[in-house]
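Working notes for the structure below.
There are 2 protein chains.
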Amino acid sequence: MPVELTPSKALGLWHAVALEQVRIDSRDLTLRQMAILLEIYLVPPPHTVRGLAARLGVTKPVITRALDTMGALGLVDRVRDERDRRNVVIKRTVEGALYLEKLGDLIINQGRKL
Amino acid sequence: MPVELTPSKALGLWHAVALEQVRIDSRDLTLRQMAILLEIYLVPPPHTVRGLAARLGVTKPVITRALDTMGALGLVDRVRDERDRRNVVIKRTVEGALYLEKLGDLIINQGRKL
DNA sequence: GAGGATCGTTACGCAAGCGTTTCTTTCGGA
DNA sequence: TCCGAAAGAAACGCTTGCGTAACGATCCTC
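So the sequence lines, in the order shown, correspond to chains A and B. Here this note's numbering is used: the first residue of the first sequence is 23, the next is one more, and so on. Here this note's numbering is used: the first residue of the second sequence is 23, the next is one more, and so on.
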């Protein structure tokens, strides 16, 4: 069942969510970081630096840096892959799940107001 | 008529749009810049630096810098208020309207796919 | 018309992101 | 057992954003 939106509602939703997010959360992730975070939490694992880079169409250092930042915020975790120790597997965290849960609630609530 | 979303669809929509936006557009606005841009285009004018700062809960230099950046991208324009020359009125541009129109289409299309 | 308030900008030092390039470690086939 | 390929991180110089504080221009009131 698709989500049907008019142009006005689509941008209105984006507007309301962006506004609330700016006001509430000082963490201010970039769009890329947000895309990476959502990818990690919404797409079945395993996730690797290389895989994410390919998926987003960016270079590997971009992913490494984003993981550094979001790791410091506790939103994601990194673990060496013991089966192929060149790989790093990106893990979800409780805090990251909570962060996205709040974002989801925000989107839903702003959607209801439209 | 509100937009009803499940948690899964809300985050799924955000995910899909963020991903496409990252892949397609190199401009990569920050969340703050996006909030400012949408505020300018969706809320009736006039818009001032001070007003936007209060609305977003940020300091004035944040707005000035965002307008610098987005002005250079052609997304917004600045004009002195002739009635009170201390004020700067922020104007919309054709390019900015086009940018948001594309974003709206993107949101709608990703919503349909859910 | 002088003095204080208001508006937006600029300056400053700092933190974080970028793309490119260069390691370091690890794997896997000859 | 080498030796090249692959994965991720680190290094480099640069750009952009941040918050605080100071600044010029303009308005308004006394």
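Ideal Cβ placement from N, Cα and C applies to all residues, glycine included. Nothing here was measured: the structure is a model prediction, and the numbers come from that model.
Buried or exposed by the 16-neighbour rule on C-beta atoms within 10 Å, applied to residue i
i                      : result
residue 61 of chain B  : buried
residue 53 of chain B  : buried
residue 35 of chain B  : buried
residue 120 of chain B : exposed
residue 135 of chain B : exposed
residue 124 of chain A : exposed
residue 32 of chain B  : buried
residue 57 of chain A  : buried
residue 40 of chain A  : buried
C-alpha gap between residue i and residue j, whole angstroms
i                      : j                      : result
residue 75 of chain A  : residue 42 of chain B  : 14 Å
residue 63 of chain A  : residue 69 of chain A  : 10 Å
residue 96 of chain A  : residue 131 of chain A : 25 Å
residue 81 of chain B  : residue 77 of chain A  : 36 Å
residue 28 of chain B  : residue 79 of chain A  : 29 Å
residue 108 of chain B : residue 116 of chain B : 26 Å
residue 46 of chain B  : residue 88 of chain B  : 21 Å
residue 127 of chain A : residue 44 of chain A  : 15 Å
residue 110 of chain A : residue 72 of chain A  : 9 Å
residue 129 of chain A : residue 65 of chain A  : 19 Å
residue 93 of chain B  : residue 103 of chain B : 17 Å
residue 67 of chain B  : residue 90 of chain B  : 19 Å
residue 50 of chain B  : residue 38 of chain B  : 15 Å
residue 106 of chain A : residue 55 of chain A  : 26 Å
residue 114 of chain A : residue 83 of chain B  : 36 Å
residue 30 of chain B  : residue 26 of chain A  : 16 Å
residue 48 of chain A  : residue 48 of chain B  : 24 Å
Supposed close pair residue i, residue j - CB separation, criterion 8 Å
i                      : j                      : result
residue 133 of chain A : residue 24 of chain B  : 7 Å
residue 98 of chain B  : residue 122 of chain B : Not really, about 11 Å apart at Cβ, beyond 8 Å.
residue 112 of chain A : residue 100 of chain A : 6 Å
Within chain A, partners of residue i - CB distance below 8 Å
i                     : result
residue 25 of chain B : 25, 27, 31, 35, 133, 134, 136
residue 64 of chain B : 33, 34, 37
Residue i: contacting residues in chain A (beta-carbon distance under 7 Å)
i                     : result
residue 95 of chain B : Residues of chain A passing the Cβ test: none, with the nearest at roughly 15 Å.
Residue i beta carbon near the ligand SAH (any heavy atom closer than 7 Å)
i                      : result
residue 123 of chain A : Summarising the ligand content, the structure contains no ligands, and the ligand SAH is consequently not present.
Partner residues on chain B for residue i, Cβ-Cβ distance less than 8 Å
i                     : result
residue 60 of chain A : 33, 36, 37, 40, 41
*Closer than 8 Å, Cβ to any Cβ of chain B: which residues of the segment 100-133 of chain A, in chain order?*
Correct list: 122, 123, 125, 126, 127, 129, 130, 133.
*Give, in chain order, every residue of the segment 43-57 of chain A whose Cβ lies closer than 8 Å to some Cβ of chain B.*
43, 44, 45, 50, 51, 52, 53, 54, 56, 57
_Contact list for the segment 32-43 of chain A against chain B, Cβ threshold 7 Å_ = 32, 33, 34, 35, 36, 37, 40, 41, 43
_So if I threshold CB-CB distances at 7 Å, which residues from the segment 69-84 of chain A count as touching chain B?_
78, 79
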